[in-house]
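Going from the sequence shown to this note's numbering is simple: count from 1 and add 43. Even glycine gets a Cβ: it sits at the ideal position worked out from N, Cα and C. First comes the structure, then the notes that go with it.
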Amino acid sequence: MTYELIPLFPLASFLILGLGGQWIKDKAHLVAVPAVALSFVLSLLAFFDVAGGHHTTLRLYTWLTSGTLDIHIGLTVDRLTVVMLLLVTTVSTLVHIYTIGYMAGEPGYARFFSYIALFTFSMLMLVLADNFLQLFVFWEAVGLCSYLLIGHWYERPSACAAATKAFIVNRVGDFGFILGLLLVWTTLGSLDYSDVFARAPEAAGATLNVLSALGGTWDVPVMTMICLLLFTGAVGKSAQVPLHVWLPDAMEGPTPISALIHAATMVTAGVFMVARLAPLYNLSPTAMTVVAVVGGLTMVLGATIALTQTDIKRVVAYSTMSQLGYMMMACGLGAYAAGMYHLLTHGAFKALLFLGCGSVILALHHEQDMRHMGGLKDKLPVTYWTFLVGSLALAGFPLTAGFFSKDDLLVSTWSSGPLGQVLTVFGLLTALMTAFYSFRLVFVTFWGSSRVDPHHAAHVHEQSPTITVPLMILAVLSIVTGYLGIPSFLEPMFSSGGEQAAHHGSGAAGVMAAATLMGVLGIGGAYYAYVVNPSLPDTLARTWQAAYELSFHKWYVDELYSRVIVRPTFRAAGELWKRVDVGIIDGAVNGVARAVAWGAWFMRLLQSGQTQHYALGMALGVAVILTVFLLY
Numbered sequence: 044m045t046y047e048l049i050p051l052f053p054l055a056s057f058l059i060l061g062l063g064g065q066w067i068k069d070k071a072h073l074v075a076v077p078a079v080a081l082s083f084v085l086s087l088l089a090f091f092d093v094a095g096g097h098h099t100t101l102r103l104y105t106w107l108t109s110g111t112l113d114i115h116i117g118l119t120v121d122r123l124t125v126v127m128l129l130l131v132t133t134v135s136t137l138v139h140i141y142t143i144g145y146m147a148g149e150p151g152y153a154r155f156f157s158y159i160a161l162f163t164f165s166m167l168m169l170v171l172a173d174n175f176l177q178l179f180v181f182w183e184a185v186g187l188c189s190y191l192l193i194g195h196w197y198e199r200p201s202a203c204a205a206a207t208k209a210f211i212v213n214r215v216g217d218f219g220f221i222l223g224l225l226l227v228w229t230t231l232g233s234l235d236y237s238d239v240f241a242r243a244p245e246a247a248g249a250t251l252n253v254l255s256a257l258g259g260t261w262d263v264p265v266m267t268m269i270c271l272l273l274f275t276g277a278v279g280k281s282a283q284v285p286l287h288v289w290l291p292d293a294m295e296g297p298t299p300i301s302a303l304i305h306a307a308t309m310v311t312a313g314v315f316m317v318a319r320l321a322p323l324y325n326l327s328p329t330a331m332t333v334v335a336v337v338g339g340l341t342m343v344l345g346a347t348i349a350l351t352q353t354d355i356k357r358v359v360a361y362s363t364m365s366q367l368g369y370m371m372m373a374c375g376l377g378a379y380a381a382g383m384y385h386l387l388t389h390g391a392f393k394a395l396l397f398l399g400c401g402s403v404i405l406a407l408h409h410e411q412d413m414r415h416m417g418g419l420k421d422k423l424p425v426t427y428w429t430f431l432v433g434s435l436a437l438a439g440f441p442l443t444a445g446f447f448s449k450d451d452l453l454v455s456t457w458s459s460g461p462l463g464q465v466l467t468v469f470g471l472l473t474a475l476m477t478a479f480y481s482f483r484l485v486f487v488t489f490w491g492s493s494r495v496d497p498h499h500a501a502h503v504h505e506q507s508p509t510i511t512v513p514l515m516i517l518a519v520l521s522i523v524t525g526y527l528g529i530p531s532f533l534e535p536m537f538s539s540g541g542e543q544a545a546h547h548g549s550g551a552a553g554v555m556a557a558a559t560l561m562g563v564l565g566i567g568g569a570y571y572a573y574v575v576n577p578s579l580p581d582t583l584a585r586t587w588q589a590a591y592e593l594s595f596h597k598w599y600v601d602e603l604y605s606r607v608i609v610r611p612t613f614r615a616a617g618e619l620w621k622r623v624d625v626g627i628i629d630g631a632v633n634g635v636a637r638a639v640a641w642g643a644w645f646m647r648l649l650q651s652g653q654t655q656h657y658a659l660g661m662a663l664g665v666a667v668i669l670t671v672f673l674l675y
């Protein structure tokens, strides 16, 4: 089949809407939705094609060939690719449909559709890439699209600040990514996946003196340096500690793009990249350990912050951060298939939760504070029941997709060794917190008495079918994706052998039972705290005020960065501006202007119009000439 058509349709949608949006205006969805739906159909066909044993690498266009340098656009279609294609196109199609209702009447309607089409195209090309350079180009394109979409409401200062923050924080990680690409090229002489993976084992014993420029000696395995540098890009894109601070601020964008970023595109790119480059990471135990530990820290940190947030979208945002930590931890422990399995199921129920939040926000006239909600389950029945399914899946409740993928992930990490067992214990504690904050969100938003603004309470109702139908489809997917056998489908992609061994390790039944118990305890705890004894949370917040403040203020990481990095940078930039831009550059330009003005003033004195002044000037000139002639 013609795999190149999969990304081509969203690209065509972007070009049509980008160039003709001012004429198409509120009919933009008639172009965008069919385009991405066709990509979904082709992705489904590609899945069945690959499942039948047909793996393909295509070279579409060669841009530059110089010596051994070969820069081209190519596609690789294998098991990992088609799983990601299905995730991206499914969620994107439903988000496109949802956007029809959510953004109706908004200025920039066609512009928004053009941007999400470009976002989808960029992610599809990233997934399909067969070389590092193409991966990097569309990695950056995804970052650009996130900037444009987070800042869609550019008239809001908060949206502009959030978009800028996301862009800059990701540039920090991408700087390491670029260095990693350069090191891949200089070490292995190619940027093609196939060549790099084939040559990497030969370079596994090579070292790099990272202190040579300073005259010191510290030899680090070159594969470790490559993997760690590439991982810095994943840390930024997938909102891992310490570059996680952009993710909650991204909630300033419209809710459809929050769903697309968190479920299927930008934040999944980092996890996908680590899984795609598994042949490299398997050669560096040190890099694998770093990936696992960073993922574990992110998993715990995100969950502890989500416990106390009051903005409905930020609770879900921090849950994304935590769940991405699970996936990254699994990849770092060699359980790539388990990590990707959880990424797939997470995409379904996280898109559902975000779009459910959007339905609530629309019904309450853009209110996002949970403390001003309550009693909505009867007024928003479709939203409530679908949101409940998504929360059950996030909590890992039995028979949901989240139950199967999270249990598979934890069993795999437990079976990977001592580090995996330690991280699995933290994973189980995180599962408890996840279930608690998931149902805290459900009970505070939908149960109890109404705390809705009286001006809006009488008008709360379900939205149009373009809002509710995607919710119902995602609710079904939040269950059935757990039964697709994705781990066994992906395992042949990863040759380390850790995946197969993980499923037969000791303690698997105990880990699964513990994970289920944590989920049930978390749901029960939330029910007791917010339904049976609703005064308990305030009491605990006062009793454990220091811990509560730490969680509510996101461990003060933003404040720390502001004090240590942002403010000093602004002060230094201000000093540079005053001393270099104003003092030197402006001073030089203004100095030339003043010199010309002084020269003009002097010449004006000479041109007085009086004959005696001219005669005096001539005499002085002759005297100077004679003096010079006589002396020399």
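Rounded straight-line distance, which links the Cα of W641 to that of A666: Going from the Cα of A666 to the Cα of W641 covers about 25 Å.
Which residue's Cα is closest to the Cα of Y77: I143, T99 and T456? Position check: residue 77 holds Pro in this sequence, whereas Tyr was assumed. I143 is the residue among I143, T99 and T456 whose C-alpha sits nearest the C-alpha of P77.
Close-in-space but distant-in-sequence residues of the same chain around F447 (CB under 6 Å, 5 per side omitted): Once the five neighbours on either side are set aside, the close Cβ partners of F447 are G525.
Pick from V84, G660 and Y599: whose alpha carbon is nearest that of I348? Closest option to I348, judged by alpha-carbon separation, among V84, G660 and Y599: Y599.
Can you give the Cα-Cα distance for G568 and P577, rounded to whole angstroms? Straight through space, the alpha carbons of P577 and G568 are spaced by roughly 11 Å.
If you reduce the DSSP assignment to three classes, tell me which class V120 lands in. Looking at V120 - three-state DSSP - the assignment turns out to be strand.
Exposure label - I304; buried when at least 16 CB within 10 Å: Classification for I304: buried.
Which of the three DSSP states, helix, strand or coil, is assigned to S109? Three-state DSSP puts S109 in a strand.
Inter-stretch contact at 8 Å, needing at least 3 Cβ pairs: the stretch 294 to 308 / the stretch 334 to 352: Cβ pair count under 8 Å is below three, so no.
Hey, out of T119, I159 and I116, whose CA is closest to V131's CA? Relative to the Cα of V131, the nearest Cα in the group T119, I159 and I116 belongs to I159.
Is it buried or exposed for P50, if we count other Cβ within 10 angstroms and need 16 for buried? Counting every other CB atom within 10 Å of its CB across the protein chains shown gives P50 a total of 16 or more, marking it as buried.
From V227, R319 and G186, residue whose alpha carbon lies closest to that of V126: Among V227, R319 and G186, the Cα nearest to that of V126 belongs to R319.
Through-space distance from S109 to K393, alpha-carbon basis: Taking the straight line joining both Cα atoms gives about 45 Å.
Is the separation between the beta-carbon of M342 and that of S365 shorter than 7 Å? Yes; because the gap between Cβ atoms is below 7 Å, this pair is in contact.
Counting only the same chain and skipping the five closest in sequence on each side, list residues whose C-beta sits under 7 Å from that of Y190. Closer than 7 Å at Cβ, skipping near neighbours: A206, A209 and F210.
Reference F532; option with closest CA among L387, V635 and L395: Sorting L387, V635 and L395 by C-alpha distance to the C-alpha of F532 places L387 at the top.
Status (buried if at least 16 other CB within 10 Å, exposed otherwise) for H139: By the neighbour-count rule (16 or more Cβ atoms within 10 Å), H139 is buried.
In the DSSP output, which residue or residues are listed as bridge partners for N576? Beta-bridge pairing links N576 to no other residue.
Run through the stretch 548 to 621 for me and flag every whole alpha helix (DSSP H) of 4 or more residues, listed as ranges in chain order. The stretch 548 to 621 contains these whole alpha helix (DSSP H) runs: 551 to 570, 579 to 586, 588 to 595, 600 to 604 and 610 to 619.
Quick one: using the 10 Å Cβ neighbour count with 16 as the cut-off for buried, is G117 buried or exposed? By the neighbour-count criterion, in which a residue is buried when 16 or more other Cβ atoms sit within 10 angstroms of its Cβ, G117 is buried.
Of all the alpha helix (DSSP H) runs that stay within the bounds of the stretch 143 to 221, which reach a length of 4 or more residues? Entirely contained in the stretch 143 to 221, the alpha helix (DSSP H) runs reaching 4 residues are, in chain order, 152 to 171 and 175 to 193.
C-alpha distance - F240 paired with G279, whole-angstrom precision: One Cα belongs to F240, the other to G279, and the distance between them is close to 24 Å.
CA-to-CA distance, L48 to V334, given in whole angstroms: The C-alpha of V334 lies about 35 Å from the C-alpha of L48.
K621 classed as buried or exposed, judged by whether at least 16 other C-beta atoms fall within 10 angstroms: With fewer than 16 neighbouring CB atoms inside 10 Å of its own CB, K621 falls in the exposed class.
Three-pair Cβ contact test at 8 Å for the stretch 487 to 506 versus the stretch 584 to 593: They do not touch, by the three-pair rule.
Which complete beta strand (DSSP E) runs does the stretch 455 to 498 hold, if anything under 3 residues is left out? Within the stretch 455 to 498, complete beta strand (DSSP E) segments of at least 3 residues are not found at all.
Residue environment, I355, which counts as buried when at least 16 other CB atoms sit within 10 Å: I355 is buried by the Cβ-count criterion.
Grab me the residues of D676's own chain with a C-beta within less than 6 Å of its C-beta, minus the 5 sequence neighbours each way, in chain order. No answer is possible for residue 676: the residues shown for the chain start at 44 and end at 675.
N325 by DSSP, collapsed to three states: which one? N325 falls in the coil class under three-state DSSP.
Segment contact, 8 Å Cβ cut-off, at least three pairs: the stretch 308 to 319 with the stretch 156 to 171: By the Cβ rule, the stretch 308 to 319 counts as touching the stretch 156 to 171, because three or more pairs are nearer than 8 Å.
Using only the alpha-carbon positions, how far apart do G463 and L271 sit? Answer to the nearest angstrom: the Cα atoms are 19 Å apart.
Is A378 closer than 7 Å to S455 when the C-beta atoms are compared? Yes. Within cutoff.
Is it buried or exposed for P244, if we count other Cβ within 10 angstroms and need 16 for buried? Residue environment for P244: exposed (fewer than 16 other C-beta atoms within 10 angstroms of its C-beta).
To the nearest angstrom, report how far apart T43 and L527 are at their CA atoms. Because the chain here runs from 44 to 675, residue 43 falls outside it and cannot be looked at.
Buried or exposed: which applies to E542, given that a residue is buried once 16 or more other Cβ atoms fall within 10 Å of its Cβ? For E542, the pLDDT reaches just 44, beneath the cut-off of 50, and the residue's location in the model is therefore unreliable, leaving the point undetermined.
Counting only the same chain and skipping the five closest in sequence on each side, list residues whose C-beta sits under 6 Å from that of A249. Around A249: V265.
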